[in-house]
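Peer 1: Mind having a look at this structure? Questions to follow.
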Amino acid sequence: MIFNNHLTIFDIEIVIFEKLDSYKKQIGLYKCTCAVVAILLCCVALLAKAQNQDFVLKGVVLKSGSNQRISKVLVANLNNGAIVTTDDLGIFQIKCVKGDSLLFRQKDFADQKIGIITENTLMVYMQSVINLNQVDIKGVTKKQEMQEVMKQYNSQGIYNNGKATVGSVVSSPLNGLYDLLGGGPKHARRFQRYSSSELENAEVDKRFNKSIVGKITGLKDEELTKFVESYKPSYPDLKGWNDYDLINYIKKSFKDYQDNGLRPGLQKLN
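In structure tokens form, the structure reads like this:
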């Protein structure tokens, strides 16, 4: 055995056992830490799975600013491709998960896109749109009628944009002389002015009519007729307006109509 400053074999064994015990404790702590981390990861995974679990979302679609329910609205899940439509009561059910995006579309309303963040019943409000690009069949017919009359004038040599043609004098001397001396051209020009005025009125009626004004103002029957007749814009003004200008004019005119019931004159739009 070695004495004094040197360790004995017994002392060395004690040191070794102490080191081994320390290593065992460290390994145990490491294993415990790993187990805790694994448990936490499992919890996170289960939570994420629960959040992404499919469910059937129920909802109802209404007109913005009212309790009117909208039927036949197309409801599309942009993530899983599911598509349904609302029933007569505006109610729908669609399969989705949290985080999905739903698109709501109906021809008389602006598209609505909503992200799903809850399983609670969804209330969707859609803004109605006003279609100002309506085709007035009566106006088109009137235009065709005017063009047909002018075509007849031209075919008979009575009117050629206000001028007699050499061909009309040569091919039909009587018509040619009638053109040159007056009568026919005078009536034709008068009809041309009349037809231009009628066509302009038809263009105004296509964009400013009871159907469109009624949607914006809510007026009906005799009151609507009175408003349309009182605030009908001129063709030159209407020609320079886009749809937003026209809607703005109708709203301003309606406010004035509510205030005093009389038309002070055409309002200038900003």
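Reminder that position 24 of the sequence shown reads as 24 in UniProt numbering, one-by-one numbering, no gaps. Just so it is clear, CB atoms sit at the ideal spot from N, CA and C, and this is done for glycine as well. All figures in this text were calculated on a predicted structure; none of them were measured in a lab.
Rounded to whole angstroms, what is the Cα-Cα separation between PHE109 and LEU62?
Peer 2: Distance between the alpha carbons of PHE109 and LEU62: 11 Å.
Peer 1: Please classify SER101: is it buried, with 16 or more other beta-carbons within 10 angstroms of its beta-carbon, or exposed?
Peer 2: Flag for SER101 reads exposed.
Peer 1: If you draw a straight line from the alpha carbon of VAL129 to that of TYR244, how long is it in whole angstroms?
Peer 2: VAL129 and TYR244: Cα-Cα distance of roughly 12 Å.
Peer 1: What separation, rounded to the nearest whole angstrom, lies between the Cα atoms of LEU122 and GLY218?
Peer 2: Going by the C-alpha atoms only, they are around 28 Å apart.
Peer 1: In whole angstroms, what is the alpha-carbon distance linking VAL75 and ILE114?
Peer 2: Their Cα atoms are separated by approximately 11 Å.
Peer 1: Which value, in whole angstroms, describes the spacing of the CA atoms of LYS251 and LYS215?
Peer 2: One C-alpha to the other measures close to 11 Å.
Peer 1: Leaving aside the five residues before and after PHE55 along the sequence, list all residues of the same chain whose C-beta is less than 8 Å from its C-beta, in chain order.
Peer 2: Cβ within range, chain order: LYS95, CYS96, VAL97 and GLU119.
Peer 1: In chain order, which continuous runs of the beta strand (DSSP E) of length 3 or greater are located wholly inside the stretch 72 to 134?
Peer 2: Segments of the beta strand (DSSP E) lying fully in the stretch 72 to 134: 74 to 77, 83 to 85, 91 to 96, 101 to 106, 109 to 115 and 122 to 126.
Peer 1: What runs of the alpha helix (DSSP H), each 4 residues or longer, lie entirely inside the stretch 205 to 252?
Peer 2: Correct list: 210 to 217, 221 to 230 and 235 to 239.
Peer 1: At a cut-off of 8 Å, is LYS63 close to the ligand ZN when judged by its beta-carbon and the heavy atoms of the ligand?
Peer 2: For the ligand ZN, the structure offers nothing, since it holds no ligand at all.
Peer 1: Does the Cβ of GLN106 have 16 or more other Cβ atoms within 10 Å, making it buried, or fewer, making it exposed?
Peer 2: Buried, because 16 or more other Cβ atoms sit within 10 Å of the Cβ of GLN106.
Peer 1: Below 8 Å on the Cβ atoms is my guess for PHE208 versus LYS232; work out the distance and round it to an integer in Å.
Peer 2: 6 Å between Cβ atoms; contact.
Peer 1: For ASN67, does the count of other Cβ atoms within 10 angstroms reach 16, so buried, or fall short, so exposed?
Peer 2: Flag for ASN67 reads exposed.
Peer 1: Tell me the DSSP bridge mates of LYS255?
Peer 2: DSSP, once it has assigned bridges, lists no residue as partnering LYS255.
Peer 1: Under the assumption that VAL213 contacts TYR235 (Cβ atoms under 8 Å), give the Cβ distance between them as a whole number of angstroms.
Peer 2: Not quite, the Cβ-Cβ distance comes to about 17 Å (not below 8 Å), so this is no contact.
Peer 1: What residues in its chain sit with their C-beta under 6 Å from that of VAL228, if we drop five residues either side in the sequence?
Peer 2: Excluding sequence neighbours, VAL228 sits near LYS210 and VAL213.
Peer 1: Given that a residue counts as buried once 16 or more other Cβ atoms are within 10 Å of its Cβ, and exposed if not, what is SER253?
Peer 2: SER253 comes out buried.
Peer 1: What's the gap between the Cα of ASN79 and the Cα of ASN260?
Peer 2: When rounded, the distance between both Cα atoms is 53 Å.
Peer 1: Just the C-alpha distance for ASP256 and LEU103, rounded to the nearest angstrom, thanks.
Peer 2: Going by the C-alpha atoms only, they are around 38 Å apart.
Peer 1: State yes or no: is the C-beta of VAL60 within less than 9 Å of the C-beta of THR85?
Peer 2: It is not a contact, given that the beta carbons lie outside the stated cut-off.
Peer 1: Do ILE91 and ARG69 have their CB atoms nearer than 9 Å?
Peer 2: Contact flag set, yes.
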